[in-house]
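In this text, residue positions in the sequence shown follow the working numbering: the first is 873, and each later residue adds one. Cβ atoms here follow ideal geometry from the backbone N, Cα and C, with glycine treated the same way. This structure is a prediction, so every number in the text was calculated from the model and none was measured.
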Amino acid sequence: MRRFAAWLLLGMSMPAAAQQDLASAEIRTEQVAPGVAALFGPGGNIGLSYGEDGNVLIDDQFAPLAPKILAAVKAVDPDPVRFLINTHWHGDHTGANPAMGEAGAVIVAHDNVRKRLSTDAVSQMMKSTTKATPKSGLPVMTFAQGVTLHLNGDDLQVVHVPNAHTDGDAMIYWTRANVLQTGDVFFNKATFPFIDRESGGSIDGMIAASARALDIAGPATRIIPGHGPLAAREDLRAYHAMLVDVRAKVAAGIRAGRTKAQVVASRPTAAYEGKIATNGFITPARFVETIYDELKPKLQPARKR
Ligand SMILES: [Zn+2]
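Structural data, given as C-alpha cells:
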C-alpha cells in the first residue's frame, strides 16, 4: 500500500481521503504458534495472545481500523481484549488505542510512550503534528525496564530497549510459544530502518536492540517484526549485520572528512538494496543521512600530523 507510505511509519494526521482508504483496508490473520496470532494490515504488525485467560493485543494500527481489528480478534477468540500493549508511541501502532481503552482494555506501555502520547507531537522531519491521544487511549500501566504477563499458559516478557527506534520501545517474548514481537526496532525487508531521532531514537540503540533480540531468539523462534512478513532469527541476524555494516561505513566517511552528500553518494547501503525495499518511506539515502546526522557530532575527522 504505497499511497500510505508518507505517514505509514508515524501515523501522522492524515487527510480525509486517506482515512477512507484505511477504513477499506483489510486485516489478515496468521496463526504463529499455539495461542499466538499475528494480524497484518496497512500499519504496524499486531500480535495476539489468546486462550483461557483472555486476549492480549500488542499494537493496534490506526483508529479507522478498530472495528476490523476487533472483528479479527473475535474470529480467533470471542473474548474481549483484556490487555493492550504498545511497542512504542507511533500512530500506526497506537491509533486504535482510544477504541480499545473504551472497550475495556488495560493499556500497558513504557513510561515514555505515555509521555509522548499525552501531548501533541511535532515532527520536523514529517512536517506534521500528531494530536495528543485522548485519556481513554493512554496507557494506565507503565514500566521503566519491563513487565511480565502470566496468562494463557505462557509468560509474556515485555522488555524495554533504550533509545532505538524511539525512547519507549518494547519487545514482547512469549517464553513458552517461543515467539518474539520486536516492534519497529526490526523491519523485515519492508523498508530501510526508521530511526526516529526526534523521539529519542538512535542507530547505536537500534544495533543494541537488535543484538538483544538476537540474544532472546533461538533458531526456532518465530519473529513478528514491526513491519513486513513473519521472520526467523536468520532474518534478524542479517538485519543486525546490515545495521553494523552501514554504521561503520558512514562512520568511516565522517572520519575521512566527507560531507553528508559525499557519504550518501558512496552508497553504504548498496549491498542491501536488492534485499530491502528502496521505494518506501525510508529510502536508502534517508537512512544514511539519519546515521550521518547522529554520528557527525560524535566523530571528528582524523587529524593530520
Ligand atoms: Zn514506529
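In the structure shown, Gly1090 falls within a coil segment according to DSSP collapsed to helix, strand and coil. Your pair Pro1156 and Asn917 does not check out as a contact, with CB atoms roughly 23 Å apart and the cut at 8 Å. Judged by the Cβ position, Gly913 fails to qualify as a neighbour of ligand 1 at the 7 Å threshold, every heavy atom of the ligand being at least this far. In its chain, beyond the 5 residues on either side, Lys1132 and Val1136 have a beta carbon closer than 7 Å to the beta carbon of Glu1161. Linking Ala1080 to Gly1073 through their CA atoms gives a straight-line distance of about 12 Å. By the neighbour-count definition (other C-beta atoms within 10 Å, threshold 16), Thr1001 is an exposed residue.
Within 7 Å of the C-beta of Phe1059 there is not a single heavy atom belonging to ligand 1. Using a C-beta cut-off of 8 Å, the region 1019 to 1033 makes no contact with the region 986 to 1006, since fewer than three inter-stretch Cβ pairs fall below that distance.
Counting of Cβ neighbours within 10 angstroms places Ala1143 among the exposed residues, the total staying below 16. The beta carbon of Phe1064 sits no closer than 7 Å to any heavy atom of ligand 1. The beta carbon of Gln1053 is closer than 6 Å to those of Gly919, Ile930, Ile1044 and Ile1096 in its chain, skipping five residues each way along the sequence. With contact defined as three or more Cβ pairs closer than 8 Å, the region 895 to 903 and the region 973 to 993 are not in contact. For Trp1046, DSSP records a beta bridge to Leu1028 and Val1051.
Among the bridge pairs identified by DSSP, Thr1014 is matched with Ala981. Per the C-alpha coordinates, the member of Ser1082, Pro1169 and Asp1087 positioned closest to Arg1127 is Pro1169. Taking a C-beta distance under 8 Å as the contact criterion, Arg1094 and Asn1050 qualify as a contact pair.
The C-beta distance from Gly1100 to Asn1151 rounds to 14 Å, too long to meet the 8 Å contact threshold.
In terms of side-chain proximity, the C-beta atom of Gly1040 is found no nearer than 7 Å to any non-hydrogen atom of ligand 1. Residue state for Asn969 is assigned as helix, using DSSP reduced to three classes. In the three-state DSSP reduction, Thr1162 falls in the helix class (H, G or I). Burial state of Gly976 is exposed, judged by a 10 Å Cβ sphere holding fewer than 16 other Cβ atoms.
Membership of Gly1125 in the alpha helix (DSSP H) is indicated by the continuous run Arg1105 to Arg1127. The beta carbons of Ile1075 and Ile1163 sit about 5 Å from each other, so the pair counts as a contact at 8 Å. Looking only at Tyr1111, Ala943, Val1118 and Phe1153, the smallest Cα-Cα distance to Thr1063 is reached by Phe1153.
Note on geometry: alpha-carbon atoms of Asp1087 and Leu1115 lie some 16 Å from one another.
For the 8 Å CB-CB criterion, Glu1166 and Arg1069 form a contact. For Val1118, the CB contacts under 8 Å within the same chain, skipping 5 residues up- and downstream, are Pro1140, Thr1141, Tyr1144, Phe1159, Val1160 and Ile1163 in chain order.
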